[in-house]
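Heads up, the sequence shown is in the numbering used here, so the first residue is 2 and it goes up one at a time. All residues carry an ideal CB built from backbone N, CA and C; glycine is no exception. Owing to the predicted nature of the structure, the values given are computational and were not obtained by experimental measurement. Each remark here refers to the structure printed beneath this line.
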Amino acid sequence: MGQSRFRAGDAFSSVQDTESLVAHLRRLVQHRAYDRSLIVSEVLRRLLAPGIGGPPSPDDLRARLAAACSDPKLRDYITRNVALELDAAHARSVERARG
2 MGQSRFRAGD AFSSVQDTES LVAHLRRLVQ HRAYDRSLIV SEVLRRLLAP GIGGPPSPDD
62 LRARLAAACS DPKLRDYITR NVALELDAAH ARSVERARG
C-alpha cells in the first residue's frame with residue numbers, strides 16, 4: 002500500500018523546504034555583491050562552490066543539499082546562514098553605492 006497521508010505530507014513539506022532553500026541559495030549567488038571568499042560559514046562555502054562553467058545550477062544545489070542535510074539542525078544552520086549572507090551582500094551593495 003502507498004504512504005500514509007501523514008508521511009506523504011512530511012515528504013511534500015521537505016521538498017518545499019528544499020526548493021525554498023535552493024531559491025535562496027540561487028538568489029545569494031546571483032546577488033551583485035556576492036563574493037564567495039567573504040562567506041563566513043565553511044559549510045555554505047562548500048555548498049556554493051562553482052560548478053563547471055560558473056555558479057552551481059539548481060540541480061547541483063539540490064544534490065549538494067541532499068548530501069549535506071541529513072540532519073535537520075544542519076539544514077536550519079544553512080538556512081540561517083543564507084539569510085545572514087544575503088543581508089551582508091545587500092549591505093556591501095549599499096556601501097558600494099554610497100561610494
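Buried/exposed call for residue i, threshold 16 Cβ in 10 Å
i, result
"Ala-90", "buried"
"Leu-29", "buried"
"Ile-183", "This structure leaves residue 183 out entirely; the chain is present only between 2 and 100."
"Val-23", "buried"
"Leu-45", "buried"
"Pro-57", "buried"
"Glu-86", "buried"
Alpha carbon of residue i to alpha carbon of residue j, nearest angstrom
i, j, result
"Gly-100", "Arg-27", "27 Å"
"Pro-73", "Arg-63", "15 Å"
"Arg-65", "Leu-48", "6 Å"
"Arg-76", "Asn-82", "10 Å"
"Pro-59", "Gln-31", "12 Å"
"Gly-37", "Glu-20", "In the sequence on display, residue 37 carries Arg and not Gly. Straight-line Cα distance between these residues: approximately 21 Å."
"Ala-69", "Gly-55", "21 Å"
"Gln-17", "Ala-92", "28 Å"
"Ile-79", "Val-95", "24 Å"
"Ile-40", "Arg-97", "18 Å"
"Arg-33", "His-25", "14 Å"
Bridge-paired residues (DSSP) for residue i
i, result
"Gly-52", "Gly-55"
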